[in-house]
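Trainee:
There are 2 protein chains.
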Amino acid sequence: MAMVQRQQRKPAAKPRLTAQDWADAALTAIGEGGLAAVAVEPLAVRLGTTKGSFYWHFANRDALIEAALNRWAELHTEEMISEVEAEPDPRRRVRLLFGEAIASATSGSLEVSLLATAAHPHVADALRRVTERRVAYVAELFAGLGFPEPEARRRGLLAYTVYLGHAQLGHAVPSALPVADEFDAYLDEALDVLMMR
Amino acid sequence: MAMVQRQQRKPAAKPRLTAQDWADAALTAIGEGGLAAVAVEPLAVRLGTTKGSFYWHFANRDALIEAALNRWAELHTEEMISEVEAEPDPRRRVRLLFGEAIASATSGSLEVSLLATAAHPHVADALRRVTERRVAYVAELFAGLGFPEPEARRRGLLAYTVYLGHAQLGHAVPSALPVADEFDAYLDEALDVLMMR
DNA sequence: GAACCTCCATACGCTGGCGTATGGTCGACC
DNA sequence: GGTCGACCATACGCCAGCGTATGGAGGTTC
Numbered sequence: 020m021a022m023v024q025r026q027q028r029k030p031a032a033k034p035r036l037t038a039q040d041w042a043d044a045a046l047t048a049i050g051e052g053g054l055a056a057v058a059v060e061p062l063a064v065r066l067g068t069t070k071g072s073f074y075w076h077f078a079n080r081d082a083l084i085e086a087a088l089n090r091w092a093e094l095h096t097e098e099m100i101s102e103v104e105a106e107p108d109p110r111r112r113v114r115l116l117f118g119e120a121i122a123s124a125t126s127g128s129l130e131v132s133l134l135a136t137a138a139h140p141h142v143a144d145a146l147r148r149v150t151e152r153r154v155a156y157v158a159e160l161f162a163g164l165g166f167p168e169p170e171a172r173r174r175g176l177l178a179y180t181v182y183l184g185h186a187q188l189g190h191a192v193p194s195a196l197p198v199a200d201e202f203d204a205y206l207d208e209a210l211d212v213l214m215m216r
Numbered sequence: 020m021a022m023v024q025r026q027q028r029k030p031a032a033k034p035r036l037t038a039q040d041w042a043d044a045a046l047t048a049i050g051e052g053g054l055a056a057v058a059v060e061p062l063a064v065r066l067g068t069t070k071g072s073f074y075w076h077f078a079n080r081d082a083l084i085e086a087a088l089n090r091w092a093e094l095h096t097e098e099m100i101s102e103v104e105a106e107p108d109p110r111r112r113v114r115l116l117f118g119e120a121i122a123s124a125t126s127g128s129l130e131v132s133l134l135a136t137a138a139h140p141h142v143a144d145a146l147r148r149v150t151e152r153r154v155a156y157v158a159e160l161f162a163g164l165g166f167p168e169p170e171a172r173r174r175g176l177l178a179y180t181v182y183l184g185h186a187q188l189g190h191a192v193p194s195a196l197p198v199a200d201e202f203d204a205y206l207d208e209a210l211d212v213l214m215m216r
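Just so you know, the sequences run in chain order A and Z. Using my numbering, read the first sequence as starting at 20 and increasing by one per residue. Using my numbering, read the second sequence as starting at 20 and increasing by one per residue.
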């Protein structure tokens, strides 16, 4: 018989965590309870381990936060952009991007939580990188719609503020948003307005 | 000689705080450091007093938060609405409202901090009240511009998300916004788009 | 099979903030 | 000018979470 890579005789046989595991858990915690929820001991409990593990992989809490944010900045934007790029029609592309982005923001509150803690240096840095990338991309989409350069950028920015504000509202006062049935129509109209010449 | 109301012989002669003083200090603290910054002992230091004073006026920290939020909900919306109502031209009224609102949001970060903590029950309640009132008012303005009822509400909501998103950006990534010179032009264009038929 | 290295467990001290208890001060009033 | 009540100071116990120290448990290597 071939040798087994990881022990699988005993079912609960010491998972052996990595720094990534901790970073992911931290991201989850941010989504649930904000940056303040990134607390070593509670996380250790959720991961079924102890602080001993954590302080092996990281110097301190701050290093964990930094790692988690870097991971977030890498993943969550490029992923969606490349997904949207598949759609050839530029108008539909905008619509697709916003549909996806808003849906994503509605399901989890990670982004909102991060915006909440923009005072923290590492968060500020991650937000800056991500925001600039996104606004630039949306501006690019608007340029593809035929808007001349400076206006494309302004419209892109406007559209991004709509997204942000929407995410905020969905999180803080969901009752203020149109109900699910009307939502698609609302979004259509909103984007029509934004893309109007 | 007339009698003096408050002692003013000694310069630093025991101010004697009220519950209002504590609530205002709490609001200031929220603006600076979020809800987490509402901490009794640090606030006591800033007010030049001790916890003894606080626990005389309030049952606990939560009661302070509630009082502060109620005060905020009362003041910050109606004040601006009645200020804007002075302007007769409806189009200019919208423009004035947004100019003021954005300026106000840019200077302080109280609103953003509150949105950040929407999970807290008292905050959620205050936000709901304030948001519904505001969206309703903006919708009213759009109705005044000639939009039929359901669309006026949708446009009002859209405009409010723009405001919110803008406030967020101004707080988290100010570098993404147009610089001061171009800002008025940007706002003009944005509102033109929002009010376009 | 012994040394070794990686990873984790446990115990400890420390800090900041909450809430309580109890006594002190100062003006108002009689 | 003593009493009373409103307001505040101080001291205390408590808890959560950070970071450190130190001692294993297991796999790896020779």
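Note that beta-carbon positions come from the ideal geometry of N, C-alpha and C, so glycine has one too.
Please identify the residue among Z/Gly184, Z/Glu51, Z/Leu66 and Z/Val192 whose C-alpha is closest to the C-alpha of Z/Pro36.
Mentor: Counted from its first residue, the second sequence places residue 36 of chain Z at position 17. It is Leu, not Pro, that sits at residue 36 of chain Z in the sequence shown. Selected option, being the one with the closest Cα: Z/Leu66.
Trainee: Using the beta-carbon count (16 or more within 10 Å), is Z/Ala86 buried or exposed?
Mentor: Within the second sequence, numbered from 1, the residue matching residue 86 of chain Z stands at position 67. Z/Ala86 sits buried, since 16 or more C-beta atoms from the chains shown fall within 10 Å of its C-beta.
Trainee: Can you round the beta-carbon distance between A/His95 and A/Ala38 to whole angstroms, since I take them to be within the 8 Å contact cut?
Mentor: The residue labelled residue 95 of chain A in the question sits at position 76 within the first sequence. The residue labelled residue 38 of chain A in the question sits at position 19 within the first sequence. Contact doesn't hold; Cβ gap of about 19 Å is too wide.
Trainee: Given a threshold of 16 other Cβ atoms within 10 Å of its Cβ, counted over all protein chains shown, does A/Glu93 qualify as buried or as exposed?
Mentor: Counting from one through the first sequence, the residue named residue 93 of chain A turns up at place 74. A/Glu93 counts as exposed, since fewer than 16 other C-beta atoms from the protein chains shown sit within 10 angstroms of its C-beta.
Trainee: State the DSSP-derived secondary structure class of A/Met214, mapped to helix, strand or coil.
Mentor: Counting from 1 along the first sequence, the entry for residue 214 of chain A is found at position 195. DSSP places A/Met214 in helix when its eight states are reduced to three.
Trainee: Chain A beta carbons: is any one of them nearer than 9 Å to that of Z/Leu218?
Mentor: Since the first residue shown for chain Z is 20 and the last is 216, residue 218 of chain Z is missing from the structure and cannot be characterised.
Trainee: Below 8 Å on C-beta distance, what does A/Glu151 contact in chain Z?
Mentor: Translated into positions along the first sequence, residue 151 of chain A becomes position 132. Within 8 Å Cβ-Cβ: Val192, Ser194 and Ala195.
Trainee: Whole angstroms is fine: what's the gap from A/Glu151's alpha carbon to Z/Ala195's?
Mentor: Counted from its first residue, the first sequence places residue 151 of chain A at position 132. Counted from its first residue, the second sequence places residue 195 of chain Z at position 176. If I take the Cα positions, the gap works out to 7 Å.
Trainee: Quick one: grab the DSSP three-state call for A/Val198.
Mentor: Position 179 of the first sequence holds residue 198 of chain A. A/Val198: coil per DSSP, three-state reduction.
Trainee: Within the continuous alpha helix (DSSP H) that includes Z/Leu62, where are the two ends?
Mentor: Sequence index remark: in the second sequence, residue 62 of chain Z carries index 43 (1-based). First-last of the alpha helix (DSSP H) with Z/Leu62: Val59 to Arg65.
Trainee: Measuring CA to CA, which of Z/Leu183, Z/Glu106 and Z/Phe161 is closest to Z/Ile121?
Mentor: Stepping through the second sequence from its first residue, residue 121 of chain Z is reached at position 102. Here the closest residue by C-alpha is Z/Leu183.
Trainee: By the 10 Å Cβ neighbour count, where 16 or more other Cβ atoms means buried, how is Z/Ser128 classified, buried or exposed?
Mentor: If you number the second sequence from 1, residue 128 of chain Z lands on position 109. Label assigned to Z/Ser128: buried.
Trainee: For the alpha helix (DSSP H) containing Z/Phe161, name the first residue and the last one.
Mentor: Your numbering for residue 161 of chain Z matches position 142 in the second sequence. That run of the alpha helix (DSSP H) goes Pro140 to Gly163.
Trainee: For A/Glu119, would you say it is in contact with chain Z, using Cβ-to-Cβ distances shorter than 9 Å as the test?
Mentor: Counted from its first residue, the first sequence places residue 119 of chain A at position 100. It does not; no Cβ of chain Z falls within 9 Å.
Trainee: Under 7 Å Cβ to Cβ from Z/Ala31, same chain only, skipping five residues before and after it: list those, please.
Mentor: Stepping through the second sequence from its first residue, residue 31 of chain Z is reached at position 12. Model confidence at Z/Ala31 stands at a pLDDT of 44, short of 50, so the residue's coordinates are unreliable; what they give is reported in the following sentence. Nothing listed; no residue qualifies.
Trainee: Kindly indicate which residue of A/Leu210, A/Ala186, A/Glu130 and A/Gly71 has the alpha-carbon position closest to the one of A/Phe161.
Mentor: Counting from 1 along the first sequence, the entry for residue 161 of chain A is found at position 142. Nearest of A/Leu210, A/Ala186, A/Glu130 and A/Gly71 to A/Phe161, Cα basis: A/Leu210.
Trainee: If we define contact as Cβ-Cβ less than 9 Å, is Z/Thr37 a contact residue for chain A?
Mentor: Locating residue 37 of chain Z in the second sequence gives position 18, counting from the first residue. By this cut-off, Z/Thr37 is not an interface position.
Trainee: Counting only the same chain and skipping the five closest in sequence on each side, list residues whose C-beta sits under 6 Å from that of A/Ala145.
Mentor: To locate residue 145 of chain A, count along the first sequence from 1; it is residue 126. Closer than 6 Å at the Cβ level, and outside the excluded window around A/Ala145, lie Leu88 and Ala92.
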